[in-house]
Amino acid sequence: MAIAVPNLADRPIHELAPLIETGALSPVTLLEACLARIAATNPVLHAFVVLCADRAREAAKAAEREIAGGSYRGKLHGIPFAVKDLLDVAGLPTGAGSLHLGENVVAETATVVQRLIEAGAIFLGKLQMVEFAFGGWGTNTHLGAPRNPWDLTEHRSPGGSSSGSGVAVASGMVAFSLASDTGGSIRSPASMNGIVGLKPTISSVSTHGVFPLSQTLDSIGPLTRSVEDAAIVFDAISGMDCRDPGTWGANPPRVSGGGADIGGMRLGLLTPDQLPGVQSSILDALARSAKVFRELGAEVVEVRLPRAPLDYCVGASHIIRTEAYANLAALMAEDRGAFDPHVRARVHAGNTGTAAEFAARLIERREDRVAMRESLDGFDALLLPATPIASPPLATIDEQAMPLSNLTRFVNYLGLCAMALPNGVNAEGMPLSLQIVAMPSREDILLTLGRAFERATTWHARRPDLSSLTG
0 MAIAVPNLAD
10 RPIHELAPLI
20 ETGALSPVTL
30 LEACLARIAA
40 TNPVLHAFVV
50 LCADRAREAA
60 KAAEREIAGG
70 SYRGKLHGIP
80 FAVKDLLDVA
90 GLPTGAGSLH
100 LGENVVAETA
110 TVVQRLIEAG
120 AIFLGKLQMV
130 EFAFGGWGTN
140 THLGAPRNPW
150 DLTEHRSPGG
160 SSSGSGVAVA
170 SGMVAFSLAS
180 DTGGSIRSPA
190 SMNGIVGLKP
200 TISSVSTHGV
210 FPLSQTLDSI
220 GPLTRSVEDA
230 AIVFDAISGM
240 DCRDPGTWGA
250 NPPRVSGGGA
260 DIGGMRLGLL
270 TPDQLPGVQS
280 SILDALARSA
290 KVFRELGAEV
300 VEVRLPRAPL
310 DYCVGASHII
320 RTEAYANLAA
330 LMAEDRGAFD
340 PHVRARVHAG
350 NTGTAAEFAA
360 RLIERREDRV
370 AMRESLDGFD
380 ALLLPATPIA
390 SPPLATIDEQ
400 AMPLSNLTRF
410 VNYLGLCAMA
420 LPNGVNAEGM
430 PLSLQIVAMP
440 SREDILLTLG
450 RAFERATTWH
460 ARRPDLSSLT
470 G
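Quick note: the sequence shown uses numbering that gives the first Met the number 0, first residue 0, plus one each step.
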């Protein structure tokens, strides 16, 4: 069930920032609204694993003083945020969703988190996740799965692996969160929770200080309540980092404050036969979304990829599990009893191939990237669903038989950028999501299309009804 947006904790960054800049809203007042929301909802939703309330209060007071003194740092100054618990924050443990890393206190802050703090954003804590970020449904055998805030009567999937990052934003605990995406772990929680998730080009955003799953495919990006909010955060975190060679030479576009004119853009619409297993309500929402873009002046034509999104998952999965095994095998050897069994199985599957097979997959990936670029010549972006199904009850999920990343993993594998944003609800009132995919370093196209879609629709303005928790 959706409600209107009367509370500060539910408002997007682009509405809050002008109020803070002019002094009409104190960062302290905004922070206390978020802390009140956390106190009321986190005992049920379980998004946070570490809450730094005192630290945040001191930062909010400092922001208030700076702004009052004329030292406004920009649109994130005074805005509360939290991060997936695989991003390092000095003085805190990086647990990565595992019991084994609970005492892993780090001395240095991840580049992306430090950039947000320097932009004046208020760090509030760390968020729940699938163990080692290796799973799409949001489950965690030992630490528990956050609840999807759109249904308080039944425990439904929050999406994963960035489960807490999606729930915290959708429920108003924070204005935005940071998460990782190796095969869909930003876009799936965005889809399941009815918010926006931006998966940037891999080379655009530093992964220094991030617990790795697959160094070849890991990306860092924001979960937000609006497309413009995603643009604001992307501008703050993107760019070259001398400590991450993958970003050397990066020159990502500046995207916040951009336009929404999509007249003349050419969009490729994936046909249903390339989307096996996608629920009819999601296909219907995709068709309606295509109609919106046509009415806004874009040309939308059906397109066939060199291979269907699902077909790229084989190569992507091989790369992910092989690198995951290299990253995690020594840790898993320490204790066989305290790991999520699904995660353990996925990691150990990475020890079944040879070095030659892994190299062959990387060569195949290179060829697939060339073929995709050639097939999309003349197109600005692709349109397809973010997930094949809406959030189901956790009790109905077979994690081995029901992968959630069939429509997202190809983006990481091919080095593209993508964004998920709300585009409907199903008969049960659960959010549906559109995925827009663009070529590398064309986040500007994603965000222009997203702004246009939001201005023509109201799905992004919906919020879950938490009145039974907040009073």
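Where a beta carbon is used, it is the ideal one built from N, C-alpha and C, also for glycine.
Review point. Counting only runs that start and end within the stretch 73-135, where is the beta strand (DSSP E) found for 3 or more residues in a row?
Key: 79-83 and 121-126
Review point. With C-beta atoms as the reference, is V346 less than 8 Å away from F175?
Key: no
Point to revise | Continuous alpha helix (DSSP H) assignments of at least 4 residues falling wholly in the stretch 202-279 | key: 226-236
Check your understanding: When the Cα atoms are used, what is the spatial distance from G349 to L212?
Key -> Going by C-alpha positions, G349 is about 12 Å away from L212.
Point to revise | Whether D87 touches E63 by CB criterion (8 Å) | key: no
Review point. Hey, is the stretch 235-246 in contact with the stretch 15-30, meaning 3+ C-beta pairs nearer than 8 Å?
Key: no
Review point. Are the Cβ atoms of K198 and V410 separated by less than 8 Å?
Key: yes
Point to revise | Reference C51; option with closest CA among D228, L123 and E65 | key: Among D228, L123 and E65, the Cα nearest to that of C51 is on L123.
Practice item. Indicate the three-state DSSP secondary structure (helix, strand or coil) for I194 in the structure shown. Key: Looking at I194 - three-state DSSP - the assignment turns out to be coil, as it is neither helix nor strand.
Check your understanding: What span of residues does the alpha helix (DSSP H) with F452 cover, start to end?
Key -> E442 to A455
Check your understanding: Straight-line CA distance for V105 to G182?
Key -> 26 Å
Point to revise | Where C33 sits in the DSSP three-state scheme | key: helix
**Study point:** Residue burial classification, I2 (beta-carbon count within 10 angstroms, cutoff 16)
**Key:** The predicted model places I2 with a pLDDT of 41, which falls under 50 and marks its position as unreliable; any figure quoted below should be read in that light. So I2 ends up on the exposed side.
**Study point:** Between the CA atoms of L431 and A46 - distance to the nearest angstrom
**Key:** 21 Å
Check your understanding: Should L98 and A323 be called a contact, given that it needs their Cβ atoms to be closer than 8 Å?
Key -> Taking C-beta atoms as the reference points, L98 and A323 fail to come closer than 8 Å.
Review point. Are there three or more Cβ pairs, one per stretch, closer than 8 Å when the stretch 422-438 is compared with the stretch 277-286?
Key: yes
Check your understanding: Okay, do the stretch 177-191 and the stretch 148-165 touch, 3+ Cβ pairs below 8 Å being the bar?
Key -> yes
Check your understanding: Mind checking G404: buried by the 16 CB within 10 Å criterion, or exposed?
Key -> In the sequence as presented, Gly is not what sits at residue 404; that position holds Ser. By the 10 Å Cβ count, S404 comes out buried.
Practice item. For E102, count neighbouring C-beta atoms within 10 Å of its own C-beta (all shown protein chains included) and say buried if the count is 16 or more, exposed if not. Key: E102 comes out exposed.
**Study point:** Per-residue burial, F131 [other beta carbons within 10 Å of its own, 16 or more giving buried]
**Key:** By the Cβ-count criterion, F131 is buried, with 16 or more other Cβ atoms from all chains shown falling within 10 Å of its own Cβ.
Check your understanding: Got a sec? Which residues, its chain only, sit under 6 Å from T152 by beta carbon, not counting five neighbours each side?
Key -> none
Review point. Exposed or buried, N139, counting other C-beta atoms within 10 Å across all chains shown (16 or more means buried)?
Key: Burial call: buried.
Point to revise | T353 to T93 span [Cα, whole Å] | key: 31 Å
**Study point:** Residue span of the alpha helix (DSSP H) that contains L327, given as start and end
**Key:** Unbroken alpha helix (DSSP H) run through L327: C312 to M331.
Check your understanding: Opposite V410 in the DSSP bridges: which residues?
Key -> Answer by DSSP bridge pairing: none, since V410 is not bridged.
**Study point:** Counterpart residues of C51 in DSSP-defined beta bridges
**Key:** Answer is none; C51 lacks a bridge partner.
**Study point:** D180 - containing beta strand (DSSP E), residue span
**Key:** F175 to D180
Review point. Per DSSP, G485 is paired with what?
Key: Because the chain in this structure spans residues 0 to 470, residue 485 falls outside the shown range and cannot be described.
Exercise for review: Report the three-state DSSP secondary structure of R155 (helix, strand or coil).
Suggested key: Strand, per DSSP.
Point to revise | Which listed residue (P275, R253, P308 and L266) has its alpha carbon closest to that of G296 | key: Checked all of P275, R253, P308 and L266; the closest Cα to G296 is L266.
Review point. So does the stretch 441-459 actually touch the stretch 16-27, counting three or more Cβ pairs closer than 8 Å?
Key: The stretch 441-459 is not in contact with the stretch 16-27.
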